[in-house]
Amino acid sequence: MADRRLIFDELAGFLESGLSITVGARDGDLRPEVVVAWAARVNTDRDQLTIFLHKEAARTILRNLRTHPEIAVAFDLPTSHRACQIKGAFVSTRSARTGERAEIERQVAAFNKDLEAIGFARSMVLGWSVWPCAAIEFRVTEMFEQTPGPGAGERIS
0 MADRRLIFDE LAGFLESGLS ITVGARDGDL RPEVVVAWAA RVNTDRDQLT IFLHKEAART
60 ILRNLRTHPE IAVAFDLPTS HRACQIKGAF VSTRSARTGE RAEIERQVAA FNKDLEAIGF
120 ARSMVLGWSV WPCAAIEFRV TEMFEQTPGP GAGERIS
């Protein structure tokens with residue numbers, strides 16, 4: 000993807016707003032592996048994303064990404080069902096930095112508030128283990144609209 004920024008400002012704001020984030024990869028036998036991520040950060044170059052998963056949840060998917068670097072990440076806002084899918088190629092992983100924890104927790108709190116708005120009891124979401132996190136960086140190759148209705152499945156450009 001050449002010199003243009005793939006992720007425009009409004010989409011970047013959505014991706015970092017506190018969403019349901021589902022991460023998919025595959026193993027050597029093409030079996031899917033799906034895990035939940037807690038937060039996302041759009042890198043300054045706007046053609047890479049960093050997603051943050053609990054370290055324990057990241058183990059298997061990282062093993063798969065090292066051998067099959069294709070990744071698909073679905074982002075969804077429960078109250079509106081606004082959604083998109085971003086596909087890409089695994090670049091790197093590292094432990095989340097202490098300085099990133101506040102942003103991860105902010106996004107989780109926003110997601111929890113959205114869940115409360117659709118009837119989830121606060122007690123159902125407060126016990127989730129969020130920290131420590133693994134950070135997975137990937138280069139964006141494709142983006143798709145996934146909001147139900149006209150345009151679902153179309154490329155985002």
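Per numbering that gives the first Met the number 0, the sequence shown starts with residue 0, numbered consecutively.
Just so you know, even glycine gets a beta-carbon here, dropped at the ideal spot from N, CA and C.
query, result
"Other residues of its chain near A38: CB distance less than 6 Å, five sequence neighbours each side excluded", "F51, I103 and Q106"
"Within 8 Å, strictly: CB atoms of T140 and K54", "no"
"Three-state secondary structure assigned by DSSP to G23", "strand"
"Contact check, A95 vs C132, beta carbons under 8 Å", "yes"
"Cα-Cα separation, D2 to R138", "No answer about D2 holds up, because its pLDDT of 41 lies below 50 and its placement is not dependable."
"Alpha-carbon to alpha-carbon, A82 and M0", "Any answer about M0 is weak, because its pLDDT of 40 lies below 50 and its placement is not dependable; what the coordinates show is given next. One C-alpha to the other measures close to 23 Å."
"Check whether G23 and A71 have beta carbons under 8 Å apart", "yes"
"Assigned exposure category for V41 - 16 Cβ within 10 Å defines buried", "buried"
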